[in-house]
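Working notes for the structure below.
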Amino acid sequence: SVVPLRAYLFKEGLGRFCTVPYRPPKEGNLQEACMHLTNFAVNKKNSEFQTADSLAQHDEGSKRSASAVFKQIEQAHGVSAEELWGKVARLASNTLMAMRSGLVE
Numbered sequence: 003s004v005v006p007l008r009a010y011l012f013k014e015g016l017g018r019f020c021t022v023p024y025r026p027p028k029e030g031n032l033q034e035a036c037m038h039l040t041n042f043a044v045n046k047k048n049s050e051f052q053t054a055d056s057l058a059q060h061d062e063g064s065k066r067s068a069s070a071v072f073k074q075i076e077q078a079h080g081v082s083a084e085e086l087w088g089k090v091a092r093l094a095s096n097t098l099m100a101m102r103s104g105l106v107e
């Protein structure tokens with residue numbers, strides 16, 4: 003049952019990164035899947051794919067922990083992880099509220 007509608011936000015996850023630096027789509031790079039998609043199955047085939055071989059390396063490579071990504075954003079751009087999680091929570095809440103009537107029918 004979704005009445006009452008209740009949601010929980012888990013503050014961990016994965017950040018997946020392309021193995022080719024992003025450039026805006028144009029005729030010459032539209033087929034560069036590793037530039038436009040973060041999908042693991044696509045990028046693991048690229049020679050630039052980087053693995054983190056231990057938990058100590060959770061902040062390196064093509065796949066990183068969400069906490070490491072948020073920490074890197076905080077260091078590079080001065081936006082706190084707490085502020086980012088607040089925005090994620092508001093986005094999730096607004097999304098669920100927009101879907102609410104369809105969920106409770």
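Taking our numbering, I'd label the letters of the sequence shown as residues 3 to 107.
The beta-carbon is built from N, C-alpha and C at its ideal position, and this holds for glycine as well.
A straight-line Cα-Cα distance of about 16 angstroms links residue 66 and residue 39. Going by C-alpha positions, residue 18 is about 16 angstroms away from residue 49. Taking the Cα positions, residue 74 is about 21 angstroms away from residue 25. Under the DSSP assignment, residue 16 falls outside any alpha helix (DSSP H), being part of the beta strand (DSSP E) whose first and last residues are 16 to 18.
Annotation for residue 66: no alpha helix (DSSP H) segment contains it, though the beta strand (DSSP E) segment containing it runs 65 to 67. The count of Cβ pairs closer than 8 angstroms, one atom from the segment 4 to 13 and one from the segment 87 to 107, reaches three, so the stretches are in contact. Taking residue 76 as the centre and dropping the five residues before and after it, the same chain places the C-beta of 82 and 83 closer than 6 angstroms to its C-beta, in chain order. Burial of residue 64 is indicated by the presence of at least 16 other C-beta atoms within 10 angstroms of its C-beta.
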